[in-house]
Ligand code: 13P
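In this note's numbering, the protein residues as written are 8 to 256.
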């Protein structure tokens, strides 16, 4: 089953609007044929970045959203507002949101339904901590996050679903999962997805995230179930992110 590789940059809490537009323009000019690419700026830069890359193949995404459409939710941003600003992708359930902001599988599930309701592409993040891996709980953790995050949804709702496998111990640490560890986790994730969406599981993309750099991207992306990457630190440097895009081509 051939799946178009999908490389997304998660800018986290970095860059001004001007810096973001310059970076996104440099990336947009370098997206190779046959590769899907996105950048996910902070909320305040989404509209300006989307404008800077309009007409290109580079997608723009949010890093989170609220599950409600509108109302008394101070500080929240809705999926509809992201779409209005020019986003077509939304990251959900990133481990930093889970660890620092109280995100749970239940809130990921509510947000996912809001994102799907607006026709946006969800990137749902899953992944284990080092303690969980060392305790032999990798599969338990992934299964729980997937079944909780996707609860109540089936193939008809999820044709664009993207999963990002991000082992928490590999994020921002310079410590990457080996290609064998990534492949093993991705194959397991796909087997769980098959139980939820049936044969669609073979068409859904599973990104790897965690210290992806130009020098390890090619080997990770060569694994049969690694269909792309969710890139943090290296997505802030145009030369590095473009090298990762080239490795996916
Ligand atoms: P790094 O690439 O900086 O390890 O971050 C990965 C990540 O969290 C992407 O969402």
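All C-beta atoms in this analysis are idealised placements derived from N, C-alpha and C, irrespective of residue type, glycine included. Bear in mind the structure is a predicted one, so any value in this text is a computation, not a measurement.
Can you round the beta-carbon distance between residue i and residue j to whole angstroms, since I take them to be within the 8 Å contact cut?
i           : j           : result
residue 53  : residue 71  : No, residue 53 and residue 71 are not in contact; Cβ-Cβ is about 12 Å, not under 8 Å.
residue 242 : residue 74  : No, residue 242 and residue 74 are not in contact; Cβ-Cβ is about 26 Å, not under 8 Å.
residue 255 : residue 235 : 7 Å
residue 195 : residue 157 : Actually they are not in contact, since the Cβ atoms of residue 195 and residue 157 sit about 15 Å apart, beyond 8 Å.
From the DSSP output, in three-state form, read off residue i for me.
i           : result
residue 101 : coil
residue 69  : strand
residue 212 : strand
residue 235 : strand
residue 161 : coil
residue 62  : coil
residue 9   : coil
residue 171 : strand
residue 31  : helix
residue 16  : strand
residue 55  : helix
I'd like to confirm something about residue i: is its beta-carbon nearer than 6 Å to some heavy atom of the ligand 13P, or not?
i           : result
residue 17  : yes
residue 251 : no
residue 14  : no
residue 38  : no
residue 178 : yes
residue 238 : yes
residue 275 : Absent from the model: residue 275. The displayed extent of the chain is 8 to 256, so no value can be given.
Considering only the beta carbon of each residue, do residue i and residue j sit closer than 7 Å?
i           : j           : result
residue 217 : residue 173 : yes
residue 115 : residue 100 : yes
residue 132 : residue 171 : yes
residue 66  : residue 96  : yes
residue 226 : residue 186 : yes
residue 16  : residue 46  : yes
residue 86  : residue 121 : yes
residue 175 : residue 130 : no
residue 24  : residue 55  : yes
Could you say which of the options lies nearest to residue i if we only look at CA atoms?
i           : options               : result
residue 126 : 109, 165 and 149      : 165
residue 162 : 250, 207, 69 and 141  : 207
residue 7   : 160, 159, 224 and 157 : Residue 7 is absent from the structure shown; the chain starts at 8 and stops at 256.
residue 36  : 255, 245, 117 and 178 : 245
residue 118 : 89, 48 and 140        : 89
residue 40  : 197, 51, 63 and 48    : 63
residue 160 : 145, 179, 124 and 180 : 124
residue 12  : 231, 25, 68 and 87    : 231
residue 154 : 122, 183, 111 and 203 : 203
residue 182 : 220, 249, 148 and 201 : 220
Let me check you understand the geometry: is the CB of residue i closer than 6 Å to at least one non-hydrogen atom of the ligand ATP?
i           : result
residue 113 : Ligands displayed in this structure: the ligand 13P; the ligand ATP is not among them.
Could you tell me whether any Cβ in chain D is nearer than 7 Å to the Cβ of residue i?
i           : result
residue 102 : The chain labelled as chain D is not found in the depicted structure, where only one protein chain is given.
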